[in-house]
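Colleague:
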Amino acid sequence: MEIRHNTYNYILIISGIIVLLPFIYVCQFVHPVNDDYYYAIEHLQANCIDSVVKSYTTWSGRYFATFISSLNPLSITEDKEWLFKAYSFILILFACCATFLSFRLFFKDRLCRKDTYALSSLFLIVLFFLCPSISEGFYWFSAYVSYTMVSIPSLLFFAIATRNGTISNALLYVLALIIPGGNEITAVLFVGSLIYLSFTYREKRFFISTMLACIGLTIMIASPGNSVRMTGQLSSTPYLWTIGVSTMQSISWLFIWLPALLLVSLIYIPLYGMKIAKSECFNVSIKRFALFAAVIVFLAHIPPTLGLSSVVIARTANSLLLYYALFYFFGLNIILNRYSERINSIFSKEYSSIILPTALFSFLFLCPFSINSNIATAYTDIISGKARHYDEIRIQRDKMAQSNKNKNITLKFPALGITSRTLFAKDLETNSEECFCDAYRRYHKLKCKVEVEKDDIRFPSNYDTLLSLGKKSR
């Protein structure tokens with residue numbers, strides 16, 4: 331049995347490496363995108379503290395995200411291209427290390443090191459597979475500093491919360507104050523989670539953390555810049571819109587994310603879940619937790635729907651995904667703790683020996699290794715040359731701009747055409763007077779105006795791409 335268990339661990343660890351490799355590889359093709367130029371100009375005119383203050387009063391209360399965005403490569407170095415690539419690589423590495431470290435802290439008393447690595451790999455596979463937007467999560471600087479980079483510390487917070495000491499509590503309090511300053515969705519999810527922890531476990535450090543997080547949330551909400559950003563964006567019936575859309579979106583995630591999570595459960599339960607769920611921290615009311623999770627997920631949709639008459643998609647949904655997965659597995663552990671004997675008997679029967687290998691095979695090839703998954707898309711972008719073509723077009727545009735910078739003309743950049751879905755987030759407009767075309771011109775100090783010749787961006791399916799590649803190689 332131990333040999334078989336180790337085999338599953340190795341399969342998950344190797345699968346995790348296979349999943350991560352293409353995302354690490356395409357870091358070399360990362361370039362600045364639209365908002366990166368706009369915010370770089372703002373940061374060039376002020377230091378990081380002044381940038382936070384100005385943004386707070388004129389645009390957004392995201393004090394922590396604005397502070398991080400002052401590290402925009404465009405505003406801190408002339409040799410900027412390599413730093414965008416390095417940032418993406420470091421971010422992916424940070425996500426992996428934070429997951430491994432957090433799970434080690436979480437389950438040190440329940441799982442051996444190899445089990446922890448395998449479970450961390452499984453968790454990362456799930457996140458990269460379900461991730462609504464890989465490009466905005468890891469390759470678009472202005473997006474990931476506001477969402478991905480402030481979501482990952484949340485995982486570290488909950489891991490550190492399992493340890494009670496002077497240093498760990500100090501770290502908790504610092505994280506509790508800065509995490510709400512990342513973005514509104516993470517702030518709601520984080521503060522809501524702390525309220526649940528405080529009233530469930532009734533520990534002084536959780537009450538202090540909750541108080542600090544509420545202070546951070548209040549600071550962000552009180553920003554005068556929020557009203558400026560909301561101007562002209564409200565629906566004619568904002569409250570009806572907010573309730574309706576938030577409810578529908580909250581329900582929609584059940585259909586989008588739950589099937590894969592249920593399949594993962596058949597792997598998680600026999601390998602790790604039964605051991606982890608024995609912890610006393612999971613001996614709590616499942617009804618109370620389910621009600622909390624439903625309410626907090628609903629409330630997380632309020633900021634974009636009410637404030638901007640928008641919906642939770644792409645980079646905003648990336649933030650929601652991490653908490654959604656954590657809520658799911660926390661709830662699953664509560665169920666395992668409550669009904670351990672009954673569930674253990676199911677997985678102990680002779681016929682159950684086929685459940686785990688079948689579930690593992692089905693999960694890997696129906697989810698991360700399916701033809702149109704994020705992982706398969708990244709590999710296809712590399713194999714077909716779409717990632718490199720994206721890189722070449724962006725380099726060509728910069729060269730064109732520098733060659734014609736002193737000419738009084740409107741320079742038309744070539745369209746991206748068929749391009750990398752993994753890397754693409756946004757493109758410049760087809761009108762040189764638009765915001766981001768003007769930001770590109772001002773940042774590069776161009777006399778000429780710039781625009782994209784046509785709005786031609788296409789993403790053929792992975793199947794069609796590989797079929798076309800096969801025909802060309804004959």
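What the sequence shown shows, in the numbering used here, is residues 331 to 804, in sequence order.
Here a beta-carbon is modelled for each residue, glycine too, at the ideal position from N, C-alpha and C.
Fair warning: this is a prediction, and the values are worked out from it, not measured in the lab.
I need the straight-line Cα distance from ILE371 to PHE419, nearest angstrom please.
Modeller: 24 Å
Colleague: From this set, SER675, LEU596, SER595 and PRO554, which residue's C-alpha is nearest THR387's C-alpha?
Modeller: PRO554
Colleague: Tell me the DSSP bridge mates of ILE545?
Modeller: ILE545 pairs with nothing; no bridge assigned.
Colleague: According to DSSP, is GLY522 helix, strand or coil?
Modeller: helix
Colleague: Can you tell me whether ASP768 is buried or exposed? The criterion is at least 16 other CB atoms within 10 Å of its CB, across all chains shown.
Modeller: By the 10 Å Cβ count, ASP768 comes out buried.
Colleague: Over the uninterrupted beta strand (DSSP E) stretch that includes LEU741, give me the two end residues.
Modeller: 740-743
Colleague: Can you tell me the Cα-Cα spacing of LYS415 and VAL780, whole angstroms?
Modeller: 24 Å
Colleague: May I ask you to list the residues that DSSP assigns as paired with ARG788?
Modeller: ILE748
Colleague: Would PHE677 and PRO600 qualify as a contact pair, given that the criterion is a beta-carbon distance under 9 Å?
Modeller: yes
Colleague: Would you call the CB atoms of LEU435 and ALA500 closer than 9 Å?
Modeller: No.
Colleague: Compute the Euclidean distance between the alpha carbons of PHE424 and ILE482, then round it to the nearest angstrom.
Modeller: 8 Å
Colleague: Distance check for ALA655 and ASN339, CA to CA, integer angstroms please.
Modeller: 21 Å
Colleague: Going by DSSP, which residues form a beta bridge with GLU781?
Modeller: LYS742, per the DSSP bridge assignment.
Colleague: Suppose the cutoff is 6 Å on Cβ atoms and the five residues either side in sequence are ignored; what does the same chain contact list for LYS784 look like?
Modeller: ALA745
Colleague: Taking Cβ to Cβ, would you say PRO698 is nearer than 9 Å to ILE497?
Modeller: no
Colleague: Can we count ARG334 as close to the ligand HEM, meaning its CB is less than 8 Å from some heavy atom?
Modeller: You won't find the ligand HEM in this model; it holds no ligand whatsoever.
Colleague: Which class does HIS373 belong to by DSSP, given the choice of helix, strand or coil?
Modeller: helix
Colleague: Let me know the alpha helix (DSSP H) ranges lying completely inside the segment 367-419, each 4 residues or longer, listed in chain order.
Modeller: 378-388, 393-399 and 403-406
Colleague: Kindly indicate which three-state DSSP category PRO462 falls into: helix, strand or coil?
Modeller: coil
Colleague: Which stretch, first to last residue, makes up the alpha helix (DSSP H) that contains TYR654?
Modeller: Segment 644-668, the alpha helix (DSSP H) holding TYR654.
Colleague: Between which two residues does the alpha helix (DSSP H) harbouring GLU722 extend?
Modeller: 716-733
Colleague: Whole angstroms are fine: how far does the CA of LYS735 sit from the CA of TYR724?
Modeller: The sequence shown places Arg at residue 724, not Tyr. Distance between the alpha carbons of ARG724 and LYS735 is about 16 Å.
Colleague: ALA543 to ILE525, Cα distance in whole Å?
Modeller: 10 Å
Colleague: Going by the CB atoms, is the gap between ASN613 and ASN667 shorter than 9 Å?
Modeller: yes
Colleague: When you compare each of THR446, ASP439, PHE743 and PHE353 to THR760 by their alpha carbons, which one comes out closest?
Modeller: Ranking the options by Cα distance to THR760, first place goes to PHE743.
Colleague: Taking all protein chains shown into account, do 16 or more other C-beta atoms lie within 10 angstroms of the C-beta of CYS461, making it buried, or fewer, making it exposed?
Modeller: buried
Colleague: In chain order, what residues of the same chain have a beta carbon less than 7 Å from the beta carbon of LEU413, not counting five sequence neighbours either side?
Modeller: PRO403 and THR407
Colleague: Does ASP380 pass the burial test, meaning 16 or more other C-beta atoms within 10 Å, or should it be called exposed?
Modeller: exposed
Colleague: Could you give the DSSP three-state label for TRP470: helix, strand or coil?
Modeller: In the displayed model, TRP470 falls within coil according to three-state DSSP, outside both helix and strand.
Colleague: Looking at the C-beta of ILE347, does it have a partner C-beta in chain C at a distance below 9 Å?
Modeller: Annotation note: the requested chain C is absent from the structure, which comprises a single protein chain.
Colleague: Ordered along the chain, which non-local residues of its own chain (more than five positions away) have a Cβ less than 6 Å from that of ARG440?
Modeller: These residues qualify, in order along the chain: LYS605 and ILE606.
Colleague: Buried or exposed for ALA287, going by 16 or more other Cβ atoms inside 10 Å?
Modeller: Since the first residue of the chain shown is 331 and the last is 804, residue 287 is not available in this structure.
Colleague: Determine, using beta-carbon pairs with one atom in the segment 610-630 and one in the segment 466-477, whether at least three such pairs fall under 8 Å.
Modeller: no
Colleague: Label PRO589 either buried or exposed according to how many other C-beta atoms from any shown protein chain fall within 10 Å of its C-beta, with 16 as the threshold for buried.
Modeller: exposed
Colleague: Distance, Cα to Cα, LYS756 vs ILE464?
Modeller: 13 Å
Colleague: Evaluate contact between the segment 575-589 and the segment 529-543, counting only Cβ atoms and requiring at least three cross-stretch pairs below 8 Å.
Modeller: no
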